[in-house]
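Here the protein sequences come in this chain order: A and B. For the record, in the first sequence the residue sitting at position 405 is 405 according to this note's numbering, with numbers rising by one throughout. Heads up: take any position in the second sequence, counting from 1, add 1000, and you land on this note's numbering. For glycine and all other residues, C-beta sits at the position ideal for the given N, C-alpha and C. Computed from a predicted structure; not experimentally measured.
There are 2 protein chains.
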Amino acid sequence: MQNIQSYISENKNRFLDELFQLLRIPSISADPAYKENMAQMAEAIKNQCTQIGMDTVEICPTAGFPVVFAQKIIDPKLPTILVYGHYDVQPATPLDLWITPPFEPTLRDEKIYARGSCDDKGQVFMHLKALEYMISSHSLPCNVKVLIEGEEEVGSDNLPIFVKNNTKKLSADIILISDTAIIANDIPSIDCGLRGLSYVEVEVTGPSRDLHSGVYGGAVANPINILCDMISKLHDKNRKITIPHFYDEVELVSISERKLLSEAPFDIENYKNDLSIQDVMGETGYSTTERASIRPTLDVNGIWGGYIGQGAKTVLPSQAFAKISMRLVPNQDSGTITKLFQSYFENLAPAGVSVKVKPHHGGEAYVLPIDSIGYLAAEKAMEITFGKKPVPTRGGGSIPIVALFEKELKIKSILLGFGLDTDAIHSPNEHYGIFNLLKGIETIPYFYKNFVEMSNNK
Amino acid sequence: MQNIQSYISENKNRFLDELFQLLRIPSISADPAYKENMAQMAEAIKNQCTQIGMDTVEICPTAGFPVVFAQKIIDPKLPTILVYGHYDVQPATPLDLWITPPFEPTLRDEKIYARGSCDDKGQVFMHLKALEYMISSHSLPCNVKVLIEGEEEVGSDNLPIFVKNNTKKLSADIILISDTAIIANDIPSIDCGLRGLSYVEVEVTGPSRDLHSGVYGGAVANPINILCDMISKLHDKNRKITIPHFYDEVELVSISERKLLSEAPFDIENYKNDLSIQDVMGETGYSTTERASIRPTLDVNGIWGGYIGQGAKTVLPSQAFAKISMRLVPNQDSGTITKLFQSYFENLAPAGVSVKVKPHHGGEAYVLPIDSIGYLAAEKAMEITFGKKPVPTRGGGSIPIVALFEKELKIKSILLGFGLDTDAIHSPNEHYGIFNLLKGIETIPYFYKNFVEMSNNK
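Okay, structure coming up:
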């Protein structure tokens, strides 16, 4: 295994060239304008799989964007690792805030700047190159399957059906996912918990047409003012969510576990400086780390209504809209939460308006026991390559598919991510450190080796 | 004067042709993209003035869009009427709600559909054609000046300086403005009060970059949620505005005057049906008519922030924005109100965000005594052409320049409008009835005649 380091240094430039080719494809799943680029991207992933020596390589259609599947079965008796990732990316707006264009990958300060560089093309690419190394050096110690989907950023709507219809094809002993972050380049960590998600879009309609605010202002309900009132009522003064029964099923994290989590390095001043904020804000009674991991939250992700062009227009608009998402914790069911939100929100509306709540997508929270073989194999791999034992953390983000895999395939997932929270994923100037990219490629083969050895000793 | 009716019926088709030419020019003052159309529009108004026989016709530059000035002085000893109007229009968005394009004027059900058909090109055109009749038939009984500006829809920012620098040029005995509405085609009315305006744009900034709502959600202030909280706090549960000292100077309308105003025909069921709303909403203790006329109000005219494209994006945005306007009543000073808003709104912000309030424009409220010669001359003119005495009303809209004329030129304005509240001004499918257009052309010469006669008898 000592050869992995020399393999990386010999091939580094080619790796970057190949990754840049993937990053140049604007595979934005949320926007129908990029449909052809999505097909192009699936094809590019398929070609990568073929090129590195996978045996079966397929583009599998779904009702939405296709999934790319590949496998290499060296011996049915050996354990099987299923690698999951996604080839779609978030929209790149607002474009004017990017220093270099989102789909023209650029190197600056040893970082790759491009939409998808970290989330998730760069991290998927680590797996492909780690496999390339193991296959070409005949050191692949087990069977491997690769499943790269194209709808993660829009809620993986069509993956559940694909998974249900292909349980045999996807059978494995462990799922390996790199779509999360470590604490710092000198503080490796492994996400052993993820929040769930309920995402809705709301529409408030007042008068049936846009009105002159001078003629009607003050006399009829203004849907923007009303929407603001309604959104404001979703939190109380302690920033607790006011939806009845919202907290009923929330996993109660014990004092001792909260103490353990609080030991992960965290500097509130650095955090505030990084974001240029004077103060943090959140649910009373919880630390910043806890608010962003073990507690459920509600955020407006977008809002619009009325005149938003240059200058002034004295309109009282007919409609106002918002996209609202809730992050959920273990035991909260996203379907139930969506329904609770829906009925509460609709009831907040006064008589002068009507309200529609459209569910977008959801997903369940997930917890990985830190005494499982998967966790231990990942821990040991990181300890070798980083020279330091990783810290277990709870991530605030959601990878809904992880809970689905557990339910449908009965397989646990390991979140072996190599990004950083400062990588600006979902934001302008997303980037991924070359250190992180190469450290990922280096670490993955150790995971394979450790996992096979620990499985044998079970 | 009996000839005005035959003049109108002989020239009706030409009138429509000429007006349609004016309506085809997209003279949107709020959007810099239409700058050339604004110049084209000023030229078209100038040509109309020349064509109808005005003596001096000029395009006068300002720091913004120019004003068109024209005059015909038949005898310096006679009274002078100054006609004011505007050639700019509101933006036409949302375009997809127009049945026929906003700048392709179309006749349907005896109405002219186009942006500006009522507000204010159609109503300016009535004056030009009434003057054409009086000049060509040698029946103009006094001097006339015409002042048509191009920035009314964006706050008339540059007109005050023009007025101050040209007090002699603009000297007159009365100002005649058609930019308001009558109650119904069989219920003529004259606006004897207008609300003032304070228009601001607010910007709430949280973290210095867009964040992933999963990683940061719940731990840092989300500027959209905060903006909603802040907007929500601008009204109390009785829909009174909460800004301290906001109501201090509000004109107290006497019970007897409120009683008189309440006698103007108003059907709440028709009102609700017209707007397709289940109920009205406004300040406790006041009727719908009062809320929209004698009481000050606050409306959000536009709001935006975060991801507003198709699909879902789990972003916690760096910024959120809103355009907010307040309608003011007599004695409220728009500059003072803007400052009160600014300091209150800035204080509503929690520590996790910073707030900027940018004043857009403002204007003062206005009241016209119903025993003035101007009012009486207009009342008598309408009584002749509608066969019914008009009702005095208080309009909810703002024409800030009216208060400015009074202050700088010491001249009262008569708001002799012929639109209808249902004309959808500022909305998609703005229209103006041919009845209203022609009734305006018919009524105006009677106003001139009455005003001159009543001035002589003073």
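- Residue 1338 of chain B and residue 1198 of chain B have their C-alpha atoms spaced approximately 6 Å apart.
- In this chain, the alpha helix (DSSP H) harbouring residue 1291 of chain B covers 1288–1291.
- Nearest Cα to residue 1006 of chain B within the set B:1455, B:1442, B:1446 and B:1458: B:1442.
- Less than 8 Å divides the Cβ of residue 1306 of chain B from the Cβ of residue 301 of chain A.
- Closest in alpha carbon position to residue 359 of chain A, among A:408, A:202 and A:376, is A:202.
- Residue pairing for residue 1059 of chain B: DSSP places it in a beta bridge opposite B:1068.
- Between residue 1148 of chain B and residue 1057 of chain B, the C-beta spacing is not below 8 Å.
- For residue 1189 of chain B, the enclosing beta strand (DSSP E) stretches over residues 1189–1191.
- Listed as beta-bridge partners of residue 1265 of chain B by DSSP are no residues whatsoever.
- Close to chain B, meaning a Cβ-Cβ distance shorter than 9 Å, are the following residues of the segment 93–109 of chain A: 93, 94 and 97.
- What residue 1062 of chain B touches in chain A, judged by beta-carbon distance under 8 Å, is nothing: the nearest beta carbon there is about 16 Å away.
- The DSSP assignment places complete alpha helix (DSSP H) segments of no fewer than 4 residues inside the segment 1194–1239 of chain B at 1213–1216 and 1223–1232, in order along the chain.
- The residues 196, 249, 250, 296 and 365, in chain order, have a CB closer than 7 Å to that of residue 332 of chain A in the same chain once the five nearest residues on each side in sequence are set aside.
- At least one CB atom of chain A sits nearer than 8 Å to the CB of residue 1291 of chain B.
- Counted as a single uninterrupted DSSP element, the beta strand (DSSP E) harbouring residue 1321 of chain B occupies residues 1319–1328.
- Of all residues in the segment 1260–1282 of chain B, only 1275, 1276, 1277, 1278, 1279, 1280, 1281 and 1282 place a beta-carbon less than 7 Å from a beta-carbon of chain A.
- At least one CB of chain B lies nearer than 8 Å to the CB of residue 312 of chain A.
- If you ignore the 5 residues before and after residue 1253 of chain B, its C-beta comes within less than 7 Å of the C-beta of 1294, all in its own chain and listed in chain order.
- If you draw a straight line from the Cα of residue 220 of chain A to the Cα of residue 1289 of chain B, it comes to about 11 Å.
- Non-local beta-carbon contacts of residue 1214 of chain B in its own chain, meaning distances under 8 Å to residues more than five positions away in sequence, involve 1314 in chain order.
- In this chain, the beta strand (DSSP E) harbouring residue 1298 of chain B covers 1297–1306.
- Look at residue 169 of chain A here: in three-state DSSP terms it is coil, with no helix or strand label.
- Looking from the CA of residue 1054 of chain B, the closest CA among B:1044, B:1041, B:1072 and B:1037 belongs to B:1072.
- With its beta carbon at least 8 Å from every one in chain A, residue 1333 of chain B lies outside the interface.
- When C-alpha distances from residue 1085 of chain B are compared across B:1152, B:1311, B:1046 and B:1394, the shortest belongs to B:1152.
- With a threshold of 8 Å between beta carbons, residue 1032 of chain B makes contact with chain A.
- With contacts defined as CB atoms closer than 8 Å, residue 390 of chain A and residue 379 of chain A qualify as a contacting pair.
- Ranked by Cα distance from residue 1415 of chain B, the options B:1133, B:1025 and B:1179 are led by B:1179.
- Non-local C-beta neighbours of residue 1268 of chain B in its own chain, meaning closer than 8 Å and more than five positions away in sequence, comprise 1280 and 1288, ordered along the chain.
- The C-alpha of residue 235 of chain A is placed about 34 Å away from the C-alpha of residue 418 of chain A.
- Judged by DSSP in its simplified three-state form, residue 1184 of chain B adopts strand.
- Taking 9 Å as the cut-off between beta carbons, the residues of the segment 417–430 of chain A near chain B are 421, 424, 425, 426, 427, 428 and 429, in sequence order.
- Counted as a single uninterrupted DSSP element, the alpha helix (DSSP H) harbouring residue 440 of chain A occupies residues 434–456.
- For residue 1189 of chain B, the number of other beta carbons within 10 angstroms of its own is at least 16, and it is reported as buried.
- Collapsing the DSSP output to three states places residue 1133 of chain B in a helix.
- In this chain, the alpha helix (DSSP H) harbouring residue 347 of chain A covers 334–348.
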